[in-house]
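Peer 1:
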Amino acid sequence: MTSPRVYTDSFPFLQGGGEMGQLTRQFDWSKTSLGTPDTWPASLCISLGILLNSKFPMFLYWGPDYICFYNDAYRPSLGVTGKHPAVLGSRGEDIWPEVWAFNGPRLNAIMAGGEATWEEDQLLPIYRNGKMEPVYWTYSYSPVKDEKGQVRGVFVACTETTQKVLTVQQLAVSEQRFQNLIRQATAGIIVLTGESLRVTIVNEAYARLVNRTVEELLHHPLFEIIPEATDPFQTIIQGVMQSGEPMYLYEQPYQIQVENGTRQGFLNLVYQPYREQDGTITGVIVFCQDVTSQVHAQQELLNKSRDLELALAIGNLGSFKVDLASRISTHAQQIMDWFELPSKEYPLDEVFQLIHEQDREKTIQAIEDSIAGKQGGYHNVTYRVISRQNGHLRYLHSMGQVLTEKGQPISISGIIQDVTPTVVSRQALEESEAALRDAIELAELTTWTIDLAKGQMYTSEKYARKFGLSHTEISLEKAWSMVHPDDRSHLTRLWEQSLSPESNGRFEAEYRILNAETGHAQAIQVIGQHYRNAKGEVHRFLGTARDITLERALQNTLENEVQKRTEELAAVNEELQASSEEVVKSNEILSTHLEEMTQLNRLLHLSNDRLKQFAYVASHDLQEPLRKIQAFSTLIEKKYADRLDEQGLTILSKITKSGEQMSTLIQDLLAFSRLAVDQDEKMIVSLQRVLARVLESLEIRLQETKADLQIDPLPALLGDESQLRQLFQNLLSNALKFVKAGEIPRIHVYSQLIPSGGLPPELQTVLKAPRYYRISVADQGIGFEPQYAERLFEVFQRLHTRQQYKGTGIGLAICQRVMENHQGAITAESEPGQGATFHVFFPA
Numbered sequence: 000m001t002s003p004r005v006y007t008d009s010f011p012f013l014q015g016g017g018e019m020g021q022l023t024r025q026f027d028w029s030k031t032s033l034g035t036p037d038t039w040p041a042s043l044c045i046s047l048g049i050l051l052n053s054k055f056p057m058f059l060y061w062g063p064d065y066i067c068f069y070n071d072a073y074r075p076s077l078g079v080t081g082k083h084p085a086v087l088g089s090r091g092e093d094i095w096p097e098v099w100a101f102n103g104p105r106l107n108a109i110m111a112g113g114e115a116t117w118e119e120d121q122l123l124p125i126y127r128n129g130k131m132e133p134v135y136w137t138y139s140y141s142p143v144k145d146e147k148g149q150v151r152g153v154f155v156a157c158t159e160t161t162q163k164v165l166t167v168q169q170l171a172v173s174e175q176r177f178q179n180l181i182r183q184a185t186a187g188i189i190v191l192t193g194e195s196l197r198v199t200i201v202n203e204a205y206a207r208l209v210n211r212t213v214e215e216l217l218h219h220p221l222f223e224i225i226p227e228a229t230d231p232f233q234t235i236i237q238g239v240m241q242s243g244e245p246m247y248l249y250e251q252p253y254q255i256q257v258e259n260g261t262r263q264g265f266l267n268l269v270y271q272p273y274r275e276q277d278g279t280i281t282g283v284i285v286f287c288q289d290v291t292s293q294v295h296a297q298q299e300l301l302n303k304s305r306d307l308e309l310a311l312a313i314g315n316l317g318s319f320k321v322d323l324a325s326r327i328s329t330h331a332q333q334i335m336d337w338f339e340l341p342s343k344e345y346p347l348d349e350v351f352q353l354i355h356e357q358d359r360e361k362t363i364q365a366i367e368d369s370i371a372g373k374q375g376g377y378h379n380v381t382y383r384v385i386s387r388q389n390g391h392l393r394y395l396h397s398m399g400q401v402l403t404e405k406g407q408p409i410s411i412s413g414i415i416q417d418v419t420p421t422v423v424s425r426q427a428l429e430e431s432e433a434a435l436r437d438a439i440e441l442a443e444l445t446t447w448t449i450d451l452a453k454g455q456m457y458t459s460e461k462y463a464r465k466f467g468l469s470h471t472e473i474s475l476e477k478a479w480s481m482v483h484p485d486d487r488s489h490l491t492r493l494w495e496q497s498l499s500p501e502s503n504g505r506f507e508a509e510y511r512i513l514n515a516e517t518g519h520a521q522a523i524q525v526i527g528q529h530y531r532n533a534k535g536e537v538h539r540f541l542g543t544a545r546d547i548t549l550e551r552a553l554q555n556t557l558e559n560e561v562q563k564r565t566e567e568l569a570a571v572n573e574e575l576q577a578s579s580e581e582v583v584k585s586n587e588i589l590s591t592h593l594e595e596m597t598q599l600n601r602l603l604h605l606s607n608d609r610l611k612q613f614a615y616v617a618s619h620d621l622q623e624p625l626r627k628i629q630a631f632s633t634l635i636e637k638k639y640a641d642r643l644d645e646q647g648l649t650i651l652s653k654i655t656k657s658g659e660q661m662s663t664l665i666q667d668l669l670a671f672s673r674l675a676v677d678q679d680e681k682m683i684v685s686l687q688r689v690l691a692r693v694l695e696s697l698e699i700r701l702q703e704t705k706a707d708l709q710i711d712p713l714p715a716l717l718g719d720e721s722q723l724r725q726l727f728q729n730l731l732s733n734a735l736k737f738v739k740a741g742e743i744p745r746i747h748v749y750s751q752l753i754p755s756g757g758l759p760p761e762l763q764t765v766l767k768a769p770r771y772y773r774i775s776v777a778d779q780g781i782g783f784e785p786q787y788a789e790r791l792f793e794v795f796q797r798l799h800t801r802q803q804y805k806g807t808g809i810g811l812a813i814c815q816r817v818m819e820n821h822q823g824a825i826t827a828e829s830e831p832g833q834g835a836t837f838h839v840f841f842p843a
């Protein structure tokens, strides 16, 4: 990008100076290596102030490119026609090719810290008045130092003494020196005159360049000696003679015949018209420098650069560089495509605006910190950009290093990589792991790993808490000691079967363990899989464990209840039989009653058996094949996903999701059925404590949704704490689920003590206690139509599809069953889009 031109009229050190002062002020310095005058060092400004306002001929070379300045007093030395005003602002080597072989080394010596020089009546041929003229000078080269004492330029105070030394004798000597200067120059020099372009002057460097001798070239038409150079050089030379304008060619290819074939290379060429005293152009002076090695080096560098760009593209990388002075960032094509930039160079601050607003501040901070020298001047940051064309989200990772000069930051160089696939894969993995954790949590599973080589067992935190362990790592001896003595032989047999060569390595068992803290026996269901090392030896077991104490207690309770009722019936039968003789007259009636009681007992027994069978099926027969489906689905996904086509992956995904939905449904049905038989003895329960436990279980959901939750003081009441937790867990889960798009959940839980007359009319004939606690859970979600208020509490009733909101349709039915168990009731009120409020009524 071209920098805006800086006008120099306002700089005091450039004021005055006559013609050269005006030309200096009007010159566009931004196109030179010096840059605009507002960036020039003080030493240069002071030197120019002296030079422009001096009446003594002065010349100044500045910087590594030897940029040229001169004053009005020096102007006549350039002749009527020639280098004026082209000398101003030019590189010394470019504008003085005819004398640079002489001046260059001397200037280099001064710039390297050498002493000032003085030359008197020195012949320095220059091109002026249309030709090379032998010019004599008395001059001094003096170093110009900056504030730190470093040489930045060479000050030339000079006087032309040509007229003083121009005598016939001196002219001959001068001519000889001129010839010698040309011959000794490292650059090739040749003077061609006349229409035939006859060689008038030629040096050894030129002769070597064209593989000829000086004698072969001198006084002969050039293109008769080297016909292979005719095209295109003859056309160029004739053009310079006709136009009178010099021509500069850089890295011009050439081809010369040599003994064993053809030599090819590249030249930097300067063609200057050769003029007589009257200004007539009679020939051309050619200066040439073989730059073949430089061109090859540049080409090699270009090839390496292209190789680097290709490597970066393959690695999904792009390079960039930021000029900190202008804050302009230059980008590779990859980065231009990612940011949809219109040009290779783009303002850094505008690039920042293309970064995702949530990542912009941290990205700017990381780069500004590196500029300030923090982190060693290095930045390493990942951020997002969104395509303005298609809305596609891309994750980019930027790494860069600040480059300094004299302790000051000047630029940033770095690379940017598109890490979208990596980030998306990581997010998918995290979501999958979270889903697995949720599934394990919902299934009330704990996990364990056995390392046979180390003799250690590693458990999840939940396993340790549930079974009274103080650490998640225990020895196998400790784990075995926790197994109930009566179950050890059975467990040993199953363990050995899983290790046999015929086994697939799967291990399943139900047994009791002794809680490490309380010593109480707990029933446990374990499913595991062993893994073998490279030697085929079993070295590790992975698996899950589920506490089935409650299920087995429920099963035993049902069996005991059936046994008890059977025994009671038998006792009644015995009593009836013993007194049958005394009630002979009533035998017919008693017989009828006995048949009715027998029938009722049979129905009751059947009902209990069915309930017991359902509990067992839900806890084992339904869950177990489902767990196998889920386990094998996961195994297929891990091991064979890369072999499945898109349809196969879709089918596998549907199987997995259906399994998850079925598992959740079974758990909800089991919970619903338990409420019909779990009539534990009630005690005073703090609802404040119940809500605290519920919030702990919903902690992740609350953090993810950033829910705004307000819980007022709640009473303590008579109830079953487990069922009450289930009640409020379902109500709060619904409030978190049915949220308006783009909004966060806002939930308010509050209570009020009301008389029975304050109950809803439909409950006043049902509920008989004098007073009730009304606990309300209000949200600001999507709401529902009022006519669905009663339908909500029916089993499997849903107002939305599973695609819209997940769920089984049992949660609110469970809530109603809990309230029936507590001699209370539940109601709901809502309007679409206005949120919903659920009221539960407990006897006070």
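For the sequence shown, position 251 (counting from the first letter as 1) is numbered 250 according to numbering that gives the first Met the number 0, and the numbering increases by one without interruption. Glycine included, C-beta positions come from ideal geometry on N, C-alpha and C.
Count Cβ pairs between the region 260-267 and the region 283-291 that sit closer than 8 Å; are there 3 or more?
Peer 2: In short, these stretches touch, since the Cβ pair count reaches three.
Peer 1: Count the other CB atoms within 10 Å of the CB of S397; is the residue buried (16 or more) or exposed (fewer)?
Peer 2: The residue in question, S397, is buried, as its Cβ has 16 or more Cβ neighbours within 10 Å.
Peer 1: Just list the alpha helix (DSSP H) runs in the region 707-794, keeping only unbroken ones of 4 residues or longer that don't cross its boundaries, in chain order.
Peer 2: Counting only runs of 4 or more, we get 720-736, 760-763.
Peer 1: Return the first residue and the last residue of the alpha helix (DSSP H) that P231 is part of.
Peer 2: That run of the alpha helix (DSSP H) goes 229-242.
Peer 1: When DSSP labels each residue in this structure, what does G810 get in the three-state scheme?
Peer 2: Helix.
Peer 1: Express the C-alpha separation of G129 and L208 in angstroms, rounding to a whole number.
Peer 2: Answer to the nearest angstrom: the Cα atoms are 27 Å apart.
Peer 1: With which residues is E344 paired in a DSSP beta bridge?
Peer 2: Note: E344 sits in a beta bridge opposite T329.
Peer 1: Sort I370, P420, E830 by Cα distance to H391 and report the nearest one.
Peer 2: Cα-wise, what sits closest to H391 is P420.
Peer 1: Report the residue from R359, Q374, E18 whose alpha carbon sits nearest the alpha carbon of I385.
Peer 2: Nearest of R359, Q374, E18 to I385, Cα basis: R359.
Peer 1: Rounded to the nearest angstrom, what separates K144 and G88 at their Cα positions?
Peer 2: Rounded to the nearest angstrom, the two C-alpha atoms are 20 Å apart.
Peer 1: So, at 7 Å on beta carbons, what are the nonlocal neighbours of S410 in its own chain, with the 5 sequence-adjacent residues on each side left out?
Peer 2: Contacts found: K320, V321, D322, L323, L402.
Peer 1: Counting C-beta neighbours from all protein chains within 10 Å, is the total for R492 16 or more, i.e. buried, or is it exposed?
Peer 2: Per the 10 Å Cβ criterion, exposed.
Peer 1: So, helix, strand or coil for H529, using DSSP?
Peer 2: H529: strand per DSSP, three-state reduction.
Peer 1: Buried or exposed: Q186, going by 16 or more other Cβ atoms within 10 Å of its Cβ?
Peer 2: Checking the displayed sequence, the identity of residue 186 turns out to be Ala instead of Gln. A186 comes out buried.
Peer 1: Could you tell me how far apart the beta carbons of L13 and P36 are, in whole angstroms, since I believe they sit closer than 8 Å?
Peer 2: The Cβ separation is near 7 Å, so the contact holds.
Peer 1: Go ahead and pull the three-state DSSP assignment for G399.
Peer 2: It is a strand residue.
Peer 1: Do the region 528-541 and the region 447-456 touch if we need at least three Cβ pairs shorter than 8 Å?
Peer 2: In short, these stretches touch, since the Cβ pair count reaches three.
Peer 1: Within this structure, are the beta carbons of A715 and L686 separated by less than 8 Å?
Peer 2: Contact: yes.
Peer 1: Specify, as a first and last residue, the run of the alpha helix (DSSP H) that V866 falls within.
Peer 2: What the structure shows of the chain is the stretch from 0 to 843, and residue 866 is not part of that stretch, so it cannot be assessed.
Peer 1: Nearest to I753 by CA position, among V684, E830, S721, H838, is which residue?
Peer 2: Checked all of V684, E830, S721, H838; the closest Cα to I753 is H838.
Peer 1: State the CB to CB distance for the pair T192 and Y270, rounded to an integer number of angstroms; the pair is presumed to be in contact (CB under 8 Å).
Peer 2: Not a contact, Cβ separation roughly 14 Å.
Peer 1: Under 8 Å, with one C-beta from each stretch per pair, do the region 176-184 and the region 152-164 reach the 3-pair mark?
Peer 2: At 8 Å Cβ cutoff, the stretches do not touch.
Peer 1: F792 and Q815 look like a contact to me (Cβ under 8 Å); what is the Cβ gap, rounded to whole Å?
Peer 2: About 4 Å separates the two Cβ atoms, so the contact holds.
Peer 1: When the Cβ atoms of the region 735-743 are set against those of the region 762-774, are three or more pairs found closer than 8 Å?
Peer 2: Contact fails: fewer than three Cβ-Cβ distances are below 8 Å.
Peer 1: Of all Cβ atoms in chain B, is any one closer than 8 Å to the Cβ of M335?
Peer 2: Among the protein chains of the structure shown there is no chain B, as only one such chain exists.
Peer 1: According to DSSP, D289 sits in a beta bridge with which residue or residues?
Peer 2: Paired residue(s): L266.
Peer 1: Using a Cβ-Cβ cut-off of 6 Å (strictly less than) and excluding sequence neighbours within five positions of L444, which residues of its own chain qualify?
Peer 2: Hits under 6 Å: T543, R545.
Peer 1: Just mark W117 as buried or exposed, buried being the case when its beta carbon has 16 or more other beta carbons within 10 Å.
Peer 2: With fewer than 16 Cβ atoms within 10 Å of its Cβ, W117 is classed as exposed.
Peer 1: What is the rounded straight-line gap between the Cα of T517 and the Cα of Q528?
Peer 2: The straight-line gap from Cα to Cα measures roughly 29 Å.
Peer 1: Hey, could you find the ends of the alpha helix (DSSP H) G48 is sitting in?
Peer 2: Element bounds for G48: 41-51.
Peer 1: Over what stretch of residues does the alpha helix (DSSP H) that includes I411 continue unbroken?
Peer 2: Careful: I411 lies outside any alpha helix (DSSP H), inside the beta strand (DSSP E) at 407-417.
Peer 1: Measuring only the C-alpha atoms, how far is I781 from A835?
Peer 2: Cα to Cα, I781 sits roughly 8 Å from A835.
Peer 1: What's the C-alpha gap between S2 and S29?
Peer 2: Bear in mind that the predicted position of S2 carries a pLDDT of just 49, short of 50, making it unreliable; the figure below should be weighed with that in mind. Their Cα atoms are separated by approximately 7 Å.
Peer 1: To the nearest angstrom, how far is the alpha carbon of E215 from that of A206?
Peer 2: One C-alpha to the other measures close to 9 Å.
Peer 1: Verify whether the separation of the beta carbon atoms of V155 and P142 is less than 8 Å.
Peer 2: No, Cβ-Cβ distance for V155 and P142 is not below 8 Å.
Peer 1: Helix, strand or coil for L690, going by three-state DSSP, please let me know.
Peer 2: In this structure, L690 counts as helix in the three-state DSSP scheme.
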